[in-house]
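Chemist: Protein sequences, first through last, are from chains G and F. In case it helps, the numbering used here puts the first sequence at residues 1 to 388. In case it helps, the numbering used here puts the second sequence at residues 389 to 776. Even for Gly, the Cβ is constructed at its ideal location relative to N, Cα and C. Please read all numbers here as calculations on a predicted model, not as lab measurements.
Number of protein chains: 2
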Amino acid sequence: MLNFVHSIPTKIYFGKGQISHLAELLKPYKSILLAYGGGSVKKSGLYDEIMGILKEEGCKVTELSGIEPNPRIESVARGVKLCKENGVDAILAVGGGSTIDCSKAVASGVYFEGDDLWSMVKERKTPPKALPLFVILTISATGSEYDGGGVISNMTTNEKIGASFTFPTASICDPTYTFSVPKYHTAAGAADIMSHIMEDYFSRTPDSDLADGICETVLKSVIRNLPVALAEPDNYEARANLMADSSIACSGIPRYGKQASGWVCHGMEHQLSAYYDITHGVGLALLTPRWMRFILKKDPGCEWRFVRFAKNVWGLEGEDEHALALAGIDALENFFRENGIPMTLTELGIGTEHFADMAEKANFGGRMNNAFVPLTREDIIKIYEACL
Amino acid sequence: MLNFVHSIPTKIYFGKGQISHLAELLKPYKSILLAYGGGSVKKSGLYDEIMGILKEEGCKVTELSGIEPNPRIESVARGVKLCKENGVDAILAVGGGSTIDCSKAVASGVYFEGDDLWSMVKERKTPPKALPLFVILTISATGSEYDGGGVISNMTTNEKIGASFTFPTASICDPTYTFSVPKYHTAAGAADIMSHIMEDYFSRTPDSDLADGICETVLKSVIRNLPVALAEPDNYEARANLMADSSIACSGIPRYGKQASGWVCHGMEHQLSAYYDITHGVGLALLTPRWMRFILKKDPGCEWRFVRFAKNVWGLEGEDEHALALAGIDALENFFRENGIPMTLTELGIGTEHFADMAEKANFGGRMNNAFVPLTREDIIKIYEACL
C-alpha cells in the first residue's frame, strides 16, 4: 500500500424524504443561487417543492438554469456573474453531475481573480476559497455529490477538462428522484459509476485488499442493480444501491494506498464529448473494453489484474488465465450492450476524422505516460479505431 | 436500504512517515495536551520524536500519561483538569483506542458544565463543543481514529459505557508504528476490527449490497492479513491493510442503509471488561461465536445471513444451509483460536459469579430488545455460560 491523505468533508443525507433537512442546511444563508439543467426538475415537481422551502425560509433566490449535459465554461461565467450581482452566499445545485460540476466551478469562480475563467479550469488555478455548495442529486452517475472535482467543457476549443474545485457541504441523495431517469441515462450513469471504479481498480498495486475489495463490491452491486432499475424504474432498492455506489465510487476510498492509474478512459472519453457532445457514460462504456483488450495485448504483465477482475467481479472460472482475462472483458462489454448502451462510435455517428487531434489532447500533460499501462498517441488512436 | 445521515469529518494521513505533517497540523495551537498510555510510546522513540516536533513549534506541552487499557473516568477528570489549568487549546493523542477514547472524553469534558463527569458519559450529556483532537495511531483495533465515539469505564460502579464525544480533526496512521505491537494485542485488535464489522453485518436488512460487500471485504482482509502480521511483525503490507481495515470498520460506511443491530457483543463484552478488566478484543472474540450459535438456534429466520457469512467471508460451500451456517461460525471460532486468542472465560480466570449482574447491565437501556435477534437477560446469561 502506498501513502495517501484522505478526507470527505461532505455530509450525506441519504434516503426518501431527506429534503426535509434542506431548510436547516440553508438557514445560515440569505441569498441562494439555485442551479439546475433542463425541464426535468420542473416536470417532476422538485423545483416547486424547493422554491416553496426557500420562500418559507425567506431566502432571496437567483436562478442559473439551462446548464448543459456537458457543462460549458459560458454557464460557469454566467453563474459567477449572477452570484456577484446578487450577493449570493450559497449555491444549491439540483441535478446530476453536470449541474453539480458547473456549480462547483461557479462556487470557486466567484473568488477567481481575473477575467479568463477558462484559465482557472485549464491551468488549475482554483482559488483556495469557494462559496458553500449544497446538492440535491437526481441521477446516480458521476459521484460529484461526494467529491471535489468537476469537468468543464469549452466547445470553442474542443476541450473538456477536469479540475479540483470544492466539495459540497452537504448532499441530499434521495433515490426516489431517480425513478424518472430514462433507461438510456440510467444505464449510462451506471457505466460512469463502473468506470470510476475500474479506473482505480486497474492499478499496479497488488496488496491493497481493502480498496480492491471495495472496488469489486461496487462493481458487483451495479451489475446486480442496473438490470433491476431498468426493468422496474421505481424499484427503490435498486435505485438506492446505485445511488450509494455512485457516491462511494468517487469517495477516494476505492484507491486507498493504490498507485495512480491515470484515469485513461476518462481522458479518452473527455475528447469524445468535447468534439461530439455525447453522453459521458456511453463514451466510457464503449471505450473501456477496447482499452482493456489493447493494454492486455500490449503488456501481458498486467494479466493478473484482469484474471482477478474476471473471477471476483464476474464470477468466472477456468484454468487458462489468458482466456479468463479475455472472458472478463467480454462479460463487461456484453453487460453494457445488454443494458442498452450503444457500443460503437459508428452507432453514434462518429468517424475517424478527429482521432489524431483527440489522441493528442487526451494525452494532455502526459497523463497517459504514467498510466496503469502507459499509452502513446498512436496507442490512443488504435483504441479509438477499435471502437468504430 | 434505510435512510441514513453520514459524515466523516476526520482527515486521514496514512502511511510511512506521515508524522511529517504533524507540525503543520498543530501550527494554529499554542498549548497542547499530549495524551498517552504506558511506556511503549517512550520505548519506541515516538515520544521523543513528537516532543522534538512540539518544541520546534514552540508549543507548551502538558502531559496526560498512564491512560489505562480500559480508560477510566478518573483519567478523563485528570485530563480535563490539566486542560483547564494549562489553557490547552488542542489535544494530541498518541496510542490506541484507549488513549484516543479517553482523549475524546477530555476534549468534550473541558466544555462540560458541572462536576460529575461520569454523568456526561452515562447520561449522554456530551456538550456541543470540544477541543480539537489530533491522533497518532499505534495499534490497529478500535477504529477510534476515524469515529466520534469513546468507551469509558467506571471501576467503582463496574460500568463501561460507550458515548459520542468528538471526531478527531486528523489522524496520522503509520503502519510502521504497529510493528512492535505484541502478537496477543495484534490478534485482539484484529478481533475488535472484525467485531465492529460483524455487529453491522448481522442485520435484518437484506438489500444493502454496498454495505454488505464492504463488510465482507474488511473481514476477508483481516482474515488474510492477521496471520501474516503475526508471523512477520514488520510486514508492512499486512500491517497497512489491518490499519486501513480498522478505520473503515468504524467509518459508518459498513452500515449504510442497514437496520441498527444493537451491537450486542460489544454490550456483553463491556461488562466483561468492566468487571474483570480484560482485553476488549479478546472478550469480543470469545463471545461472538457463542452469540452466533445462540441466536441461530433462537431464531432460524436469521439463518440466511449466516449462510451468506459462510459463503462470502469463509468461502464455504454446501447444499445443507443449516450445516453451512454452523460451519461459518466454526470457521470464525477456529480462526480466533489459531491466532492465539484465549477462547474461554475459564482460561481468563472468570467464573459465573457476576453473570446475573453483567447480563442486567448489558441490557442497559433495553439495547438488546431491538437487536438483530432480541436478547433477554436470561439469554445473555446463557451466552456467558457458553463461553466458560
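For the alpha helix (DSSP H) that contains Lys-749(F), what are its first and last residues?
Modeler: Counting from 1 along the second sequence, the entry for residue 749(F) is found at position 361. 743–750 is the extent of the alpha helix (DSSP H) around Lys-749(F).
Chemist: According to DSSP, is Pro-459(F) part of a helix, a strand, or is it coil?
Modeler: On the second sequence, residue 459(F) is found 71 positions in, with the first residue counted as 1. Looking at Pro-459(F) - three-state DSSP - the assignment turns out to be coil, as it is neither helix nor strand.
Chemist: So with CB distances below 8 Å, who are the chain F contacts of Thr-166(G)?
Modeler: Mapped onto the first sequence, residue 166(G) falls at position 166. What Thr-166(G) touches in chain F: nothing, since even the nearest Cβ is about 16 Å away.
Chemist: Would you check if the distance between the CB atom of Phe-134(G) and the CB atom of Gly-148(G) is smaller than 7 Å?
Modeler: By 1-based counting over the first sequence, the position of residue 134(G) is 134. By 1-based counting over the first sequence, the position of residue 148(G) is 148. Cβ distance not < 7 Å, so Phe-134(G) and Gly-148(G) don't count as in contact.
Chemist: Taking only beta-carbon atoms, is Gly-315(G) less than 7 Å away from chain F?
Modeler: Walking along the first sequence from the start, residue 315(G) turns up at place 315. Taking Cβ atoms only, chain F never reaches closer than 7 Å to Gly-315(G), which makes this a no.
Chemist: Taking Cβ to Cβ, would you say Ile-341(G) is nearer than 7 Å to Pro-289(G)?
Modeler: Sequence index remark: in the first sequence, residue 341(G) carries index 341 (1-based). Sequence index remark: in the first sequence, residue 289(G) carries index 289 (1-based). At least 7 Å separates the beta-carbon of Ile-341(G) from that of Pro-289(G).
Chemist: What distance in whole Å lies between the Cβ atoms of Ile-771(F) and Ile-560(F), which are believed to be in contact at a cut-off of 8 Å?
Modeler: Counting from one through the second sequence, the residue named residue 560(F) turns up at place 172. Counting from one through the second sequence, the residue named residue 771(F) turns up at place 383. Ile-560(F) to Ile-771(F), Cβ: 38 Å. No contact.
Chemist: Quick one: is Asn-312(G) near chain F, going by C-beta distance under 7 Å?
Modeler: Mapped onto the first sequence, residue 312(G) falls at position 312. Answer no: the Cβ-Cβ gap between Asn-312(G) and chain F never drops below 7 Å.
Chemist: Assess, as a yes-or-no matter, whether the segment 407–425 of chain F is touched by the segment 444–456 of chain F under the definition of 3 or more beta carbon pairs within less than 8 Å.
Modeler: Yes, the segment 444–456 of chain F touches the segment 407–425 of chain F.
Chemist: Could you list which residues in chain F have their beta carbon closer than 7 Å to that of Tyr-256(G), in chain order?
Modeler: One-based indexing of the first sequence puts residue 256(G) at position 256. Those within 7 Å of Tyr-256(G) in chain F are Ala-632.
Chemist: For Thr-157(G), is the classification buried or exposed, using 16 other Cβ atoms within 10 angstroms of its Cβ as the cut-off for buried?
Modeler: Here the question's residue 157(G) lines up with position 157 in the first sequence. Thr-157(G) should be labelled exposed.
Chemist: Quick one: grab the DSSP three-state call for Asn-629(F).
Modeler: The residue given as residue 629(F) occupies position 241 in the second sequence. Reduced to three states, the DSSP call for Asn-629(F) is helix.
Chemist: Return no unless some Cβ of chain F is closer than 7 Å to the Cβ of Ala-240(G).
Modeler: The residue given as residue 240(G) occupies position 240 in the first sequence. With 7 Å as the cut-off, Ala-240(G) counts as an interface residue toward chain F.
Chemist: Going by DSSP, name the residue or residues bridged to Phe-134(G).
Modeler: Counting from one through the first sequence, the residue named residue 134(G) turns up at place 134. Phe-134(G) has Leu-92(G) and Ala-170(G) as its beta-bridge partners, per DSSP.
Chemist: Can the beta-carbon of Gly-669(F) be found less than 7 Å from the beta-carbon of Gly-577(F)?
Modeler: Within the second sequence, the letter at position 281 stands for residue 669(F). Within the second sequence, the letter at position 189 stands for residue 577(F). Contact flag set, yes.
Chemist: Compare the C-beta of Val-135(G) against all C-beta atoms of chain F and say whether one is closer than 7 Å.
Modeler: Within the first sequence, numbered from 1, the residue matching residue 135(G) stands at position 135. It does not: the Cβ of Val-135(G) has no partner Cβ on chain F nearer than 7 Å.
Chemist: Considering just the uninterrupted stretch of the alpha helix (DSSP H) at Asn-722(F), what are its terminal residues?
Modeler: Counted from its first residue, the second sequence places residue 722(F) at position 334. For Asn-722(F), the uninterrupted alpha helix (DSSP H) run begins and ends at 709–726, by DSSP.
Chemist: So what's Tyr-534(F) in DSSP terms, helix, strand or just coil?
Modeler: Stepping through the second sequence from its first residue, residue 534(F) is reached at position 146. Reduced to three states, the DSSP call for Tyr-534(F) is helix.
Chemist: What whole-angstrom Cβ distance do Gly-645(F) and Ser-596(F) have, given they're in contact under 8 Å?
Modeler: Here residue 645(F) is taken as the residue at index 257 of the second sequence, counted from 1. Here residue 596(F) is taken as the residue at index 208 of the second sequence, counted from 1. Their Cβ separation, rounded to whole angstroms, is 4 Å, which keeps Gly-645(F) and Ser-596(F) in contact under 8 Å.
Chemist: Measure the CB-CB distance between Thr-217(G) and Phe-165(G) and report whether it falls below 7 Å.
Modeler: Indexing the first sequence from 1 puts residue 217(G) at position 217. Indexing the first sequence from 1 puts residue 165(G) at position 165. In this structure, Phe-165(G) does not lie closer than 7 Å to Thr-217(G) by Cβ.
Chemist: Which residues, taken in chain order from the segment 580–594 of chain F, show a beta carbon closer than 7 Å to some beta carbon of chain G?
Modeler: none
Chemist: Taking Cβ positions only, does Tyr-13(G) come closer than 7 Å to chain F?
Modeler: Here residue 13(G) refers to the residue found at position 13 of the first sequence. Closer than 7 Å: yes.
Chemist: Which residues in the same chain have their Cβ closer than 7 Å to the Cβ of Met-582(F), if we skip the five residues on either side of it in sequence?
Modeler: The residue given as residue 582(F) occupies position 194 in the second sequence. Excluding residues within five positions, the ones whose Cβ falls inside 7 Å are Leu-607 and Val-610.
Chemist: Count the other CB atoms within 10 Å of the CB of Asp-580(F); is the residue buried (16 or more) or exposed (fewer)?
Modeler: Residue 580(F) sits at position 192 when you count from the first residue of the second sequence. With 16 or more other Cβ atoms within 10 Å, it is buried.
Chemist: Could you spell out where the alpha helix (DSSP H) holding Pro-677(F) opens and where it closes?
Modeler: By 1-based counting over the second sequence, the position of residue 677(F) is 289. Pro-677(F) -> alpha helix (DSSP H) spans 668–686.
Chemist: How big is the Cα-Cα spacing for Gly-66(G) and Ser-108(G)?
Modeler: Residue mapping note: residue 66(G) aligns to position 66 of the first sequence, counting from 1. Residue mapping note: residue 108(G) aligns to position 108 of the first sequence, counting from 1. If I take the Cα positions, the gap works out to 20 Å.
Chemist: Unbroken alpha helix (DSSP H) runs of length 4 or more, entirely within the segment 23–76 of chain G: which are they?
Modeler: 40–43 and 46–56
Chemist: Taking 7 Å as the CB-CB limit, is Asn-3(G) close to chain C?
Modeler: Among the chains of the structure shown, chain C does not appear; the protein chains present are G and F.
Chemist: Cutting at 8 Å between CB atoms, please list the residues of its own chain near Lys-548(F), excluding the five before and the five after it.
Modeler: To locate residue 548(F), count along the second sequence from 1; it is residue 160. Answer for Lys-548(F): Asn-458, Val-539, Ile-540, Ser-541, Asn-542, His-658, Gln-659, Ser-661 and Ala-662, listed in chain order.
Chemist: Rounded to whole angstroms, what's the CA-CA distance from Leu-296(G) to Ala-323(G)? Just pull it up for me.
Modeler: Taking the first residue of the first sequence as position 1, residue 296(G) is located at position 296. Taking the first residue of the first sequence as position 1, residue 323(G) is located at position 323. Those two C-alpha atoms are separated by around 11 Å.
Chemist: Given 8 Å as the limit, is there contact between the segment 459–472 of chain F and the segment 482–493 of chain F, that is, 3 or more CB pairs closer than that?
Modeler: yes
Chemist: In its own chain, which residues sit with a C-beta less than 7 Å from the C-beta of Gly-262(G), not counting the 5 before and 5 after it?
Modeler: The residue you call residue 262(G) lines up with position 262 of the first sequence. Arg-367, Met-368, Asn-370, Ala-371 and Phe-372.
Chemist: Quick check on Lys-699(F): does DSSP put it in helix, strand or coil?
Modeler: Indexing the second sequence from 1 puts residue 699(F) at position 311. If DSSP states are grouped into helix, strand and coil, Lys-699(F) belongs with the helices.
Chemist: To be precise: take each residue of the segment 212–223 of chain G, compare its Cβ to all Cβ atoms of chain F, and keep it if any distance is under 7 Å. Which residues remain?
Modeler: Gly-213, Ile-214, Thr-217, Val-218, Lys-220 and Ser-221
Chemist: Compare the C-alpha of Leu-210(G) against each of Lys-571(F), Thr-574(F) and Leu-630(F) and name the closest.
Modeler: Residue numbering aside, residue 210(G) sits at position 210 when the first sequence is read from its first letter. When each option's Cα is compared against that of Leu-210(G), the closest is Leu-630(F).
Chemist: Cβ of Glu-773(F) less than 7 Å from any chain G Cβ?
Modeler: Numbered from 1 along the second sequence, position 385 holds the residue referred to as residue 773(F). It does not; no Cβ of chain G falls within 7 Å.
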